[in-house]
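One structure is given below, encoded as structure tokens.
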Amino acid sequence: MTFDTQESWAAYGAHPAHVAVVEEHVKPVLESKVFIQSAGPNFLS
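Numbering (my numbering), first residue to last: 147 to 191.
Printed below as a string of structure tokens:
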């Protein structure tokens, strides 16, 4: 996607439909990946 102005990008990010997609679909997937990646043994200590 390309936006002409920073304001148009901000408006897109704040749009209720976009916020709903992020909250209901994207965020849960990312949270599950963070959990999986951090659930293993800690090889750094």
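Note that CB positions come from ideal geometry on N, CA and C, so glycine has one too.
Three-state secondary structure assigned by DSSP to residue i
{"i": "His161", "result": "coil"}
Own chain partners of residue i with C-beta closer than 6 Å, once the 5 adjacent residues on each side are dropped
{"i": "Phe149", "result": "Trp155"}
{"i": "Gln152", "result": "none"}
Residues of its chain near residue i, where Cβ-Cβ distance is below 8 Å and the 5 sequence neighbours each way are ignored
{"i": "His164", "result": "Tyr158"}
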